[in-house]
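Scroll down for the structure; my scribbles are underneath it.
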Amino acid sequence: TTFRGLKVFVNREVPLRPLYFVLLCGGVAEVGWERGANAGETAGQGSAFPVDGEAITHQIVDRPSGSFDVRPGREYVQPQWVFDSFNIGCLLPIAPYGPGRTPPPHLSPFVDDKAEGYVPRQREVLDRFAAEVSGKAVEATEEAAGGPAVGGSGGMQQFGEELKAEAQGLWHSEYQQKREESAAAKMAEEVEAEGEEVKPQRPTEMEEERLRAKALMPKKHKRLLQRIENAEAKKKEQSKRLKKKAQAADA
Numbered sequence: 030t031t032f033r034g035l036k037v038f039v040n041r042e043v044p045l046r047p048l049y050f051v052l053l054c055g056g057v058a059e060v061g062w063e064r065g066a067n068a069g070e071t072a073g074q075g076s077a078f079p080v081d082g083e084a085i086t087h088q089i090v091d092r093p094s095g096s097f098d099v100r101p102g103r104e105y106v107q108p109q110w111v112f113d114s115f116n117i118g119c120l121l122p123i124a125p126y127g128p129g130r131t132p133p134p135h136l137s138p139f140v141d142d143k144a145e146g147y148v149p150r151q152r153e154v155l156d157r158f159a160a161e162v163s164g165k166a167v168e169a170t171e172e173a174a175g176g177p178a179v180g181g182s183g184g185m186q187q188f189g190e191e192l193k194a195e196a197q198g199l200w201h202s203e204y205q206q207k208r209e210e211s212a213a214a215k216m217a218e219e220v221e222a223e224g225e226e227v228k229p230q231r232p233t234e235m236e237e238e239r240l241r242a243k244a245l246m247p248k249k250h251k252r253l254l255q256r257i258e259n260a261e262a263k264k265k266e267q268s269k270r271l272k273k274k275a276q277a278a279d280a
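In terms of the numbering used here, the sequence shown is numbered consecutively and its last residue is 280.
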């Protein structure tokens, strides 16, 4: 349902099949494309509408700005906007993905950043944006602070805000648009708290037991365990280097 209600036109230079598949999975209303069009035509075979269709809401381009005709009433974005929006589950701001701009880093949806030991800054930015749009920011803040879990507190606050907006004469779509604009503004600020260093702790009983078991292992098993531990140590060291680079870039 990410792209519900949108009518998207895909330019000739953009790979059609993967983009078309993602748009359909995201619930897009209609898709038009230029690929496969004959000379003098503005739409390929099977396209829902030509490039000059008045109902088009978004046009996917992969060209520098100024190298194509700009029509009023539609947004022009790079292909990565489609994939990033689908992965996060909501429509991301258009500006970072505008034609000619360097888009934000693309994050794979198949990687568990927390399990890998390093959460990229862009992942934190996207998660905050998705929480703001969905109205779950309050619940996430309470959980992060370790406070008591109050069932539905974030949902009740959002419901109260919706009632207040309705009393002011705002349509729900207008209220949702304002919420998304507010979330987009917060995402643009890219505010991030610096993590505190973890102080070294004494080994636990489980760790001591593991060391004793390691000492009693046969040499063959000990060498195998050593290889596994070395690989884990390299992985943690790489994560530390990435975190240091991110902190140096923020400074």
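No residue lacks a Cβ here, since even glycine has one placed at the ideal position from N, Cα and C.
Here R100 is not near E42, since their CB atoms are 8 Å or more apart. By the CB criterion at 8 Å, F32 and L52 fall inside the cutoff.
If you ignore the 5 residues before and after A84, its C-beta comes within less than 6 Å of the C-beta of K36, all in its own chain and listed in chain order. Among the bridge pairs identified by DSSP, I89 is matched with V39, V106.
Between A244 and S268, the alpha-carbon positions lie close to 29 Å from each other. According to the DSSP assignment, E59 belongs to the beta strand (DSSP E) that extends over 59–62.
For P47, the uninterrupted alpha helix (DSSP H) segment begins and ends at 45–54. When secondary structure is reduced to three states using DSSP, R33 falls in the strand class. With a cutoff of 8 Å on beta-carbon distance, E63 and N40 are scored as near each other. Contact between I89 and V106 holds: CB atoms are separated by about 6 Å, below the 8 Å threshold. In this structure, the beta-carbon distance from R150 to D142 does not fall below 8 Å. In the same chain as G56, and ignoring 5 residues on each side of it, the C-beta atoms closer than 8 Å to its own belong to T30, T31, F32, R33, in chain order.
Residue burial is scored here from C-beta neighbours: L253 has fewer than 16 other C-beta atoms within 10 angstroms and is therefore classed as exposed. The beta carbon of M246 sits closer than 8 Å to those of L254, all from its chain and outside the five residues before and after it, given in chain order.
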